[in-house]
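Enquirer:
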Amino acid sequence: MWESPKPFIHQLRLYKSSSEVSLMKASCKVASDAIATTMKSSFPGITEHQLFARVDYECRVRGAEYLAYPPVVAGGDRANIIHYISNNQMVQPGEMVLMDAGMTHCILTGCTVLLC
174 MWESPKPFIH
184 QLRLYKSSSE
194 VSLMKASCKV
204 ASDAIATTMK
214 SSFPGITEHQ
224 LFARVDYECR
234 VRGAEYLAYP
244 PVVAGGDRAN
254 IIHYISNNQM
264 VQPGEMVLMD
274 AGMTHCILTG
284 CTVLLC
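Following our numbering, the numbering of the sequence shown begins with 174 at its first residue and continues without gaps.
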């Protein structure tokens, strides 16, 4: 009978080489800068789809290969809908926007963010 390698593999995930740490920092920097720029470009009346497109663009111009998953961009009460991906409504004045967006950069995936 053999033992599952899962526990061993999970333990290995705790240890990162200096190059892995550097890649993780670079990935976080790309995502953070992209989302900060997207936040600065938001305004009442923008559509969720425009915010989706902007964060996608900003990630890619900073070196991301692609979005890791379909992002959630939900204004107002739509932020309460789990896995909302319609991203097709206009953001009204005073609405908070929830953005859950991840991108892949150098094989790493990062970032979930709340836009206000």
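Note that the Cβ used here is the ideal one computed from N, Cα and C, for glycine as well.
Treat the numbers as computed from the prediction; the structure is a model and nothing was measured.
1) Locate the beta strand (DSSP E) running through A247, then write down its first and last residues.
2) Per DSSP, what are the beta-bridge partners of M197 in this structure?
3) CA-CA distance, S214 and G275?
4) Compare the C-alpha of C279 against each of R186, Y188, I219, L196 and name the closest.
5) Since P244 and M272 should fall inside the 8 Å C-beta cutoff, what is the C-beta to C-beta distance between them, to a whole number of angstroms?
6) Using a Cβ distance threshold of 8 Å, determine whether the stretch 197-206 contacts the stretch 231-244, with at least three qualifying pairs required.
7) With distances taken from CA atoms, which of Q223, E221, C232 is nearest A209?
8) Check whether the stretch 217-224 touches the stretch 183-199, counting contact only when three or more Cβ pairs, one atom from each stretch, lie closer than 8 Å.
9) The alpha helix (DSSP H) that contains H222, what's its start and end?
10) Could you compute how far the alpha carbon of D229 sits from the alpha carbon of L240?
Expert: With the given structure in hand:
1) As a first step, residue 247 is located in the sequence shown; it is residue number 74 there, counting from the start. Counting along the chain, the beta strand (DSSP E) containing A247 begins and ends at 245-248.
2) One-based indexing of the sequence shown puts residue 197 at position 24. Paired residue(s): none; M197 is not in a bridge.
3) By 1-based counting over the sequence shown, the position of residue 214 is 41. By 1-based counting over the sequence shown, the position of residue 275 is 102. Those two C-alpha atoms are separated by around 19 Å.
4) Here residue 279 corresponds to residue number 106 of the sequence shown, with the count starting at 1. C279 has its Cα closest to that of L196, out of R186, Y188, I219, L196.
5) As a working mapping, residue 244 is identified with position 71 in the sequence shown. As a working mapping, residue 272 is identified with position 99 in the sequence shown. That pair is a contact at about 6 Å.
6) yes
7) Position 36 of the sequence shown holds residue 209. Measuring from the Cα of A209, the nearest candidate turns out to be C232.
8) no
9) Residue mapping note: residue 222 aligns to position 49 of the sequence shown, counting from 1. Segment 221-234, the alpha helix (DSSP H) holding H222.
10) Indexing the sequence shown from 1 puts residue 229 at position 56. Indexing the sequence shown from 1 puts residue 240 at position 67. Their Cα atoms are separated by approximately 7 Å.
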